[in-house]
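Protein sequences, first through last, are from chains R and G. Residue numbers for the first sequence follow our numbering, beginning at 141 and rising by one. Residue numbers for the second sequence follow our numbering, beginning at 19 and rising by one. Note that CB positions come from ideal geometry on N, CA and C, so glycine has one too. All values derive from a computational prediction rather than experimental measurement. The structure appears below as structure tokens.
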Amino acid sequence: MIIYNKTWLKNLIIQDQMNLSVAAGDLSKEEFKNIETAYPVGFYSPNIFVRTGLFILTCVIALFGGCLLSYMFWDSGMVDSGGWILFLGLISYITLELVVKNKHHFRSGTDDALIWISGGLFCVAFVWITAQYNWYPDHYNADLLPPAPIVSFALILSLYLTLRFADSLMALFCFLSALILAVVLAVLHLSFGAAVIPFLVMLLSAVVYYFSYVSSNRVKFVYYLHCLRVLQAGSLLTLYLAGNYYVVQHLGNELYGYTSIGPYKVPYPVFFWPWTILVPFIYTGAGLYKKDIIPLRTGLILIAIAAVTFKNYYHVLPIESTLVLIGLVTLGASYWVIRYLKVPKHGFTSEELQQDTIAGGINIESLIIATSQPDTIHGTENKFGGGDFGGGGSSSSF
Amino acid sequence: MDTDLYKKLHDEGLISDETLVRIAEKHKTPLFSLHWELKTLLYLGVTLLSTGLGILVYKNIDTIGHQFILLFLAGICAGCFFYCTKKRNPFSRGKVKSPSSFYDYILLLGCLSLLSFLGYLQFQYHVFGDNYGLATFIPMLILFYVAYEFDHIGILSLAITNLAIWSGVAITPYRIISNGLFSSDSLIKPYLFLGLLLLAAAYFSESYNFKKHFKFTYHNFGLNISFLALLTGYFSFYESPASFLWLIAVLILGFILYKDALKSKSFYFLLLVILYVYIAISTLIVRILISMDSELAFVTALLYFIGSAISLIIALIHLNKKIKEI
């Protein structure tokens, strides 16, 4: 299914891991060179600047190429139809396959651009061709929810592209279209569908998070590691947002509007308020406990969102005093944590790991020694929590 | 999973015994770094605190409480600078390693509250008189001094922004867009002057080996501002025949900066130069083709964009290789 050379993908994972070891000062440059020749990677994956440049230029080519083709065939009358868009989509998809297969592009900007261009063209073509069918039942709120067949098409298409090209953004898009499809189906086919939307989204997100978390440790899914990690972050976000008070209220307003009993009120505030406030802290705590960067960072971002949501409904203090207070507390807390972790404790450090020498000129090794010296109890604890990514993946960025 | 991989590599003779032992030792007590989380929190705390204080002073400007707030502000400022002078590493012409990330943000907080403090003094007591140039010039000088003395790139950016305010232009992207790039003919010259000044600063930082690592910041601001000013100049004098001079200036500047980017092996600047020059050449060609006003010209334009984009892709890939090889 996956288009890329699997050996290279595996070798790439090994090289990435070794790169981290080199950055952490464990591996010498010569050893890395040897590993590089023993496990070669033939992909063309340039740095982020080249990638950006190639992305922009590929879009330019696709745009003007499409214009040129359309102009050439304008007189034949074929252009003004969904079939033509489908044709353009096919051309860009074939180009994509050729570029990846023959030129070995892998996250090079060109393939990123072509994946999205061909996917977008296919979707437009589908909508255009099927525009003659009226998919909206009478009671359907057409402004808010797209018709189920279109969402299903987007879901299937993005699933295919994700599996074929292991693109993490496409995986996220696929997940979101699955959520939307579920919501649309629930609203259409269940009499109480609209009422359970938050819980439905929560349930689905939780299932997806569980699935992506478990399978990110499986060898079988090793090529999709990036996708799975993005999915983890995405599903954690939707899991929280589905129960966020503000989101629930506004979506409810959109769905129900002003009914005869007045504006929409969020039911069960006893559930939704604690969810809004507590879940970010649970994420952060779980991230710390499991030493997993994804729930930790998601949780930290969500704490900010929770604070804004709370502020939106309850005005305890004027805005400036709130800012000053929160600023002081944040500064104080981070100062305290930095002081506390000056000598790493419980397997945590406030220093950067991927550098040969860290700030202050202390070698990272001396820190390791400092941690392994004192009590052995923490050492055994760590074995339970830290086995997931081996610490090496802690600085992966999306 | 990880140590198995290292063991396998060791068995294949790719990793020495010593390395394997070291890595195995490390994996017994894996360290989890909170570096970036803490940095973000520090930054957030500094931003929130200084914004909140700014609003607080502004809102209470006529009440009796404002003097206490002012005192508080001055206290924070003094405390920050006191902390930083105590903790700092001695000055040197090269890069001075910062003692900790906390130190960096405390210095930032000190500078931000100093700005609020000076702004307030000017507003209430007219310390600098009605001379508004002076009111922005003094903070700018202080910021530049602090940036060099304490070796802080963030404060250097602040100082550059203040330099722009002093020379009468705004360089934050939001202000540029909201003012409208093409509506302000009188501002083109100050922009251009500022851009070239910053480029010169970048050049001299490197050639005199004085805070060489500041070059990137100067160069980044200078390059973008100069090219934007030149392109804006071209569009605002579009009708006059001299407008082509602006494009020629783009090409000359592009050539100089291209050489410089190759020399300093910076692909980022290379990409920027290429894109700006590409925009300049493309506007020229499109203009010529529009003046021809025929069907052939339209097709040529389409072909030009396809062809030029393809050749640029090839050029980028080639240049990337070249930079790596040097």
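Can you check DSSP and say which residues form a bridge with residue 489 (chain R)? G:51
Assigned exposure category for residue 338 (chain R) - 16 Cβ within 10 Å defines buried: buried
Partners in chain G for residue 190 (chain R), counting only beta-carbon separations shorter than 8 Å: 285, 289, 334, 335, 338
What's the gap between the Cα of residue 183 (chain G) and the Cα of residue 135 (chain G)? 18 Å
Could you tell me if residue 456 (chain R) is buried or exposed, where buried requires 16 or more neighbouring beta carbons within 10 angstroms of its beta carbon? exposed
Beta carbon of residue 208 (chain R) nearer than 7 Å to that of residue 23 (chain G): no
Would you say residue 66 (chain G) faces chain R, with C-beta separation under 7 Å as the test? yes
In whole angstroms, give me the CA-to-CA distance for residue 424 (chain R) and residue 435 (chain R). 6 Å
Is it buried or exposed, residue 157 (chain R), if we count other Cβ atoms within 10 angstroms and call 16 or more buried? buried
Go to residue 215 (chain R), then tell me how far its alpha helix (DSSP H) extends in each direction, as first and last residue. Here residue 215 (chain R) belongs to no alpha helix (DSSP H), and DSSP marks it neither H nor E.
Which chain G residues are close to residue 489 (chain R), counting only those with a beta carbon under 8 Å from its beta carbon? 49, 50, 51, 52, 53
Between which residues of its own chain and residue 89 (chain R) is the CB-CB distance below 7 Å, once the five residues before and five after are set aside? Because chain R here runs from 141 to 538, residue 89 (chain R) falls outside it and cannot be looked at.
Can you tell me whether residue 145 (chain G) is buried or exposed, with buried defined as 16 or more other CB within 10 angstroms of its CB? exposed
Are residue 160 (chain R) and residue 363 (chain R) closer than 7 Å when you measure CB to CB? no
State the DSSP-derived secondary structure class of residue 179 (chain R), mapped to helix, strand or coil. coil
Using a Cβ cut-off of 7 Å (strictly closer), state whether residue 176 (chain R) contacts chain G. no
How big is the Cα-Cα spacing for residue 212 (chain G) and residue 239 (chain G)? 9 Å
Mind checking if residue 354 (chain R) is an interface residue toward chain G, Cβ cutoff 7 Å exclusive? no
Hey, could you find the ends of the alpha helix (DSSP H) residue 243 (chain G) is sitting in? 233 to 254
Extent of the continuous alpha helix (DSSP H) to which residue 278 (chain G) belongs: 261 to 281
Can you tell me which of the three DSSP states residue 336 (chain G) falls into? helix
Going by alpha carbons, who is nearest to residue 328 (chain G) out of R:320, R:287, R:162, R:199? R:199
Which residues in chain R sit within 8 Å of residue 30 (chain G), going by Cβ to Cβ distance? 178
Have a look at residue 249 (chain G) and residue 223 (chain R) and give me their C-alpha separation to the nearest angstrom. 41 Å
Using DSSP bridges, identify the partner residues of residue 245 (chain R). R:184
Spell out whether any CB of chain G is found under 7 Å from the CB atom of residue 155 (chain R). no
Below 8 Å on the Cβ atoms is my contact criterion, and I expect residue 326 (chain R) with residue 344 (chain R) to pass it. Report the Cβ-Cβ distance as a whole number of Å. Contact flag wrong, Cβ pair sits at about 10 Å.
Alpha carbon to alpha carbon, how far is residue 505 (chain R) from residue 479 (chain R)? Low confidence applies here, because residue 505 (chain R) scores a pLDDT of 37, under 50, leaving its location unreliable; read the following figure in that light. Each residue's Cα considered, the two are about 20 Å apart.
Buried versus exposed call for residue 228 (chain G) [16 or more other C-beta atoms within 10 Å across all chains shown]: exposed
DSSP state of residue 342 (chain R), grouped into three classes? helix
Using a Cβ-Cβ distance cut-off of 7 Å, determine whether residue 470 (chain R) contacts chain G. yes
Are there 16 or more other CB atoms within 10 angstroms of the CB of residue 200 (chain G), so buried, or fewer, so exposed? Per-residue confidence for residue 200 (chain G) stands at a pLDDT of 46, beneath the threshold of 50, marking its modelled position as unreliable; no derived number is given.
Please say whether residue 195 (chain R) and residue 249 (chain R) have beta carbons closer to each other than 7 Å? yes
In angstroms with no decimal places, state the Cα-to-Cα distance between residue 75 (chain G) and residue 37 (chain G). 58 Å
Can you find a C-beta in chain G that's less than 7 Å from the C-beta of residue 170 (chain R)? no
Residue 273 (chain G): which of G:296, G:259, G:69 sits nearest, CA to CA? G:296
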